Each structure stands twice: as structure tokens, then as C-alpha cells.
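Reading through the C-alpha cells given below for one structure.
2 protein chains.
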Amino acid sequence: MKFSGHTTTAFDPDLQSLAQLIAEMGGLAERQIVEAIQALIKRDGARGQRVIAADAAIDFMQRAIEERAIELIARRQPMAADLREVVAILRIANELERIGDLAKNIAKRVVLVDKEQLPRRSMRGLNHMATLMLAQLRDVLDSLAHSDVGKAMDVWRHDEDVDRLCASLFQEVLTAMMEDPGTITLGIHLLFCIKNLERMADHATNIAESVYYLARGETLTRAPKPDVNSMPALALSSY
Amino acid sequence: MKFSGHTTTAFDPDLQSLAQLIAEMGGLAERQIVEAIQALIKRDGARGQRVIAADAAIDFMQRAIEERAIELIARRQPMAADLREVVAILRIANELERIGDLAKNIAKRVVLVDKEQLPRRSMRGLNHMATLMLAQLRDVLDSLAHSDVGKAMDVWRHDEDVDRLCASLFQEVLTAMMEDPGTITLGIHLLFCIKNLERMADHATNIAESVYYLARGETLTRAPKPDVNSMPALALSSY
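Protein chains in written order, with the working numbering: chain A, 1 to 239; chain B, 1 to 239.
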């Protein structure tokens with residue numbers, strides 16, 4: 001990670017060490033998402049439990065990054081561009097921690113749907129959404145590692161795709177619930193899982209904004225969301 | 001806010017100014033919750049819109065606190081206890097920003113349930129839960145302002161009450177959905193609102209943990225510590 005174009009200083013190894021921690025934390029978050037979705041699809045309670053337990057590692061890393069970053073600021077008194085990098089690292093660690101939490105939330109539902117029949121069609125949809133979301137996360141972590149603002153902007157723009165998929169999945173699950181009220185409980189669990197994935201993608205988008213901030217020194221403001229009231233299913237899922 | 005027992009230094013006015021910002025941000029978050037719930041209960045779309053618009057002020061305050069705190073660290077190079085106060089302020093600002101987001105999420109649903117019949121019983125339950133949650137937030141902000149660790153611990157312990165109320169409300173809404181599938185869409189909106197309140201209470205609990213951290217210099221842990229050896233970057237370095 002190297003955006004600010006400053007000349008190499010003694011500060012760099014510290015920043016690189018923080019960037020390395022962020023990369024590892026990102027890898028951990030990715031793995032948690034994969035594991036949580038797999039546990040859900042396969043209704044594998046033990047796997048879900050491992051995801052729940054592993055979330056503590058992500059929380060721990062966030063705290064460690066925070067403490068090191070702040071200790072670094074206090075010790076080095078960095079100037080503007082360096083300071084911006086440390087601030088961005090703090091923000092990104094925070095977003096990754098939230099993503100980890102959301103993966104844990106999905107994992108917590110695994111045991112709750114354990115004995116019920118998961119509809120194949122919805123599970124395929126959920127898997128598809130998870131794949132899209134993971135690609136967003138991987139791309140944004142990549143854009144961070146390689147200082148690729150264009151790639152970060154792509155992630156930022158593609159958040160809409162995740163939102164659209166989320167809306168259509170919501171509609172599908174909702175229809176199933178209405179057709180067979182016996183599936184309501186299961187449907188609610190699925191809706192929360194879908195929503196968790198959608199929020200993860202939002203956090204990936206926030207990371208894209210931090211990558212932009214790092215490179216340009218200014219905040220990227222988000223375009224207004226479409227008027228959801230004309231789109232009932234989208235309206236249902238978008239908050 | 002004064003926990004660390006250091007002698008008065010030139011650092012104090014800066015910290016006090018940050019603490020003042022946190023108190024203001026907390027007040028804003030409280031107001032947002034009240035307004036969002038009232039807008040929902042009264043199905044007042046305009047009021048909901050004002051809550052949505054006002055969230056930007058909370059986001060702005062978080063960024064402002066973050067920037068000032070970090071500028072303060074860079075300029076003053078505080079020692080351990082002072083540094084801990086600044087870190088706690090950063091964390092608390094982050095929690096309050098998340099609470100604001102959740103209030104906004106509730107407000108966004110106001111227009112969506114606008115034309116539907118909200119069941120009185122569930123709305124009373126939701127209002128009750130919001131009251132309990134607000135008490136938690138007020139108490140924890142109070143514990144912060146008066147360095148009252150005992151009060152913070154009370155908040156931490158009472159999170160269970162919110163969780164219990166959340167579970168019983170969920171069951172109630174779920175039953176209504178099963179009895180009358182025509183209420184499924186409305187029910188889903190309510191479930192997400194209930195869940196948002198429950199998560200706000202979690203953030204209040206996190207603030208309680210920060211108050212504890214400020215006073216004692218150690219983290220109040222809810223789960224066993226992770227195995228650091230599974231985290232290469234951390235294990236490699238001096239942690």
C-alpha cells in the first residue's frame with residue numbers, strides 16, 4: 001500500500017507492517033464469509049461454530065492494528081500524507097471487523113435452520129450473492145494492496161449489482177413465505193442472512209472509499225440511492 | 001470524563017473538548033432514536049425523512065472527532081493513560097456512529113409501512129424496547145461523563161434484558177405473520193426494526209466496555225482470547 005507519494009522514510013517499515021496486518025485481516029474475513037455460507041448451505045453446525053469462534057481473532061486483530069497505529073502516530077508524529085495512511089488503515093480495520101461480525105451472524109443462524117428444509121433455489125441465490133460479495137471484497141483488498149484507485153472505483157460502482165441481487169432474492173423468499181406460511185421461520189432466517197451479505201458489500205464499498213481517500217486526500221461522496229418506493233421488493237431489502 | 005488519574009496537564013483542555021464532542025454526539029444519537037421510533041409508531045413519513053437527513057450530522061461528527069483525536073496524538077505525543085483516553089474516544093465515536101446508522105435504518109422503513117395497519121400490540125412492544133434501549137444509552141453516556149465504572153457495568157449486565165425483550169417481540173411478530181400471511185411484508189419490516197434496536201443496545205454495551213477500558217486499562221472480555229499463533233503477522237511480531 002503506497003499512495004501518498006512521499007519519499008521513503010523510516011516511517012515506511014511501520015506502515016508496511018500495518019498494511020500487512022490489514023491484508024491478513026482481510027484474508028481472515030474472506031475465509032469467514034466462505035465458511036459461514038458453506039456451513040449454512042450444508043447445514044453444518046460444527047462448521048458454523050468454528051466460524052463463530054474464529055470471529056474473536058478478527059476482533060483481536062482490529063484492536064491490535066488500532067493500538068499499533070496509534071502508538072505509531074504518537075511515536076513518529078507523521079505529517080499529512082503519512083497521517084492519512086494511518087487514518088485509512090484504522091478505518092479499513094474497522095470495516096473488516098464489521099464484515100467479520102456479519103459473517104458470524106450468518107454462522108449463528110446455521111444451527112437454527114439445521115433441521116429445516118432449505119429451498120435449493122434460494123440457497124443457490126444466496127451462494128451466488130456470496131460469490132459476488134466475495135469478489136467485491138477481494139477486489140477492494142487488491143486495490144488497496146496495489147494502490148489501484150481505478151479498481152477501487154469499480155468496486156464502488158458494482159455495489160449496485162449486489163443490491164439488485166439482494167432485492168430479487170428478498171422477493172423470492174417473500175413469495176415462498178406467502179405461498180407456504182410453514183416456511184415463514186426459515187424465510188426470516190434467510191432474509192437476515194441475505195441482508196448480512198448486502199451489508200458486507202456496503203462495507204467493501206466503504207473500504208473502496210478509503211482507498212480513494214488515501215490516493216486523493218478527499219472523501220468520495222456517494223450518489224443518492226434510487227427512489228425505492230416505486231420498487232416494493234427493493235424497498236423491502238434496501239435497509 | 002476523567003479516569004486515568006494523571007496530574008493536570010496542558011493535554012486536558014484538548015481531551016475535554018473531545019469529551020464534549022462525544023457528549024454532543026451521544027445526545028444527537030439519542031434524539032435520532034426517539035425520532036425514528038416516533039416516526040414509525042405514528043407513521044409520520046416527514047419525520048422519518050428528517051431522521052434520515054440528520055444522520056449526516058452524526059457521520060460528520062465522527063469524522064471530526066477522529067481527525068481531532070489523531071491530530072492531537074500527533075501533536076502532543078501523549079503518554080499511556082492519556083493515549084488510552086484518546087483511543088477510547090475514537091472507539092466510542094465509532095459506536096455512536098453505528099447507533100445513528102441503525103436509527104436511520106428504522107426511519108427508512110417508516111414510509112414503507114406507511115399505508116399498512118401496524119398492530120398496536122407489537123408497536124407497544126417496540127416502543128417498550130426502544131425505551132429500554134434509550135435508558136441503556138443514557139446510562140452509559142452518563143457513566144462516561146462521570147467516570148462511573150459501576151454504572152457502566154450495570155449497562156453491560158442489562159444488555160440481557162434487551163435481548164430477552166427482543167426475543168419475545170420476535171416471537172410475537174412471527175406468530176402474527178403465521179396467523180395472517182397478509183401481514184408478512186409488514187412483519188418483516190417490524191422484525192428488522194426490532195433487530196436494529198437490539199443491535200443499538202449491543203453498541204451501548206460496547207461503550208460500557210470502553211468506559212471500563214478507560215478506567216482499568218484492560219479489556220473486558222466476553223469470549224476467550226484467540227490463539228495468536230494462528231495469526232501469522234501478529235505471531236511474527238512482538239505480540
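Don't be surprised by glycine CBs; every beta carbon is placed ideally from N, CA and C.
All of these numbers come straight from a predicted model, not from anything done at the bench.
| Item | Value |
| --- | --- |
| Integer Cβ distance of S210/A from R120/A, believed to fall under 8 Å | About 38 Å; that fails the 8 Å criterion. |
| Within 8 Å of chain A by C-beta, residues of the segment 161 to 188 of chain B in sequence order | L174, M177, M178, P181, I184, T185, I188 |
| Under 9 Å by beta carbon: chain B residues contacting N206/A | In chain order: nothing, as chain B lies at least about 11 Å away. |
| Min CB distance I194/B to chain A below 8 Å | no |
| DSSP state of P181/A mapped onto helix, strand, coil | helix |
| Contact with chain B by V211/A, beta-carbon distance below 8 Å | no |
| Cα-Cα separation, F60/B to R68/B | 12 Å |
| For D44/A, the three-state DSSP class (helix, strand or coil) | coil |
| Residues near L220/A in its chain [Cβ-Cβ closer than 6 Å; skip 5 each side] | E209, Y212 |
| Heavy atom of the ligand FAD within 7 Å of I106/B beta-carbon | Although the ligand FAD was asked about, the structure shown includes no ligands whatsoever. |
| Rounded separation between E125/B and G217/A - CA only | Before going further, note that residue 125/B is Gly rather than Glu in the sequence given. Distance between the alpha carbons of G125/B and G217/A: 46 Å. |
| L28/A and C193/A closer than 8 Å at C-beta | no |
| Range of the contiguous alpha helix (DSSP H) that encloses G125/B | 120 to 145 |
| Within chain B, partners of I73/A - CB distance below 7 Å | I70, I73, A74 |
| CB contact flag (R43/B, L118/B, <8 Å) | yes |
| Neighbour-count burial assignment, Q136/B, 16 or more Cβ in a 10 Å radius | buried |
| Buried/exposed call for T175/A, threshold 16 Cβ in 10 Å | exposed |
| Whole-Å CB distance - M178/A paired with I184/B, under 8 Å assumed | 6 Å |
| Among A215/B, I33/B, P13/B, the one whose alpha carbon lies nearest that of S110/B | Per the sequence presented here, residue 110/B reads as Val, with Ser not at that position. When each option's Cα is compared against that of V110/B, the closest is I33/B. |
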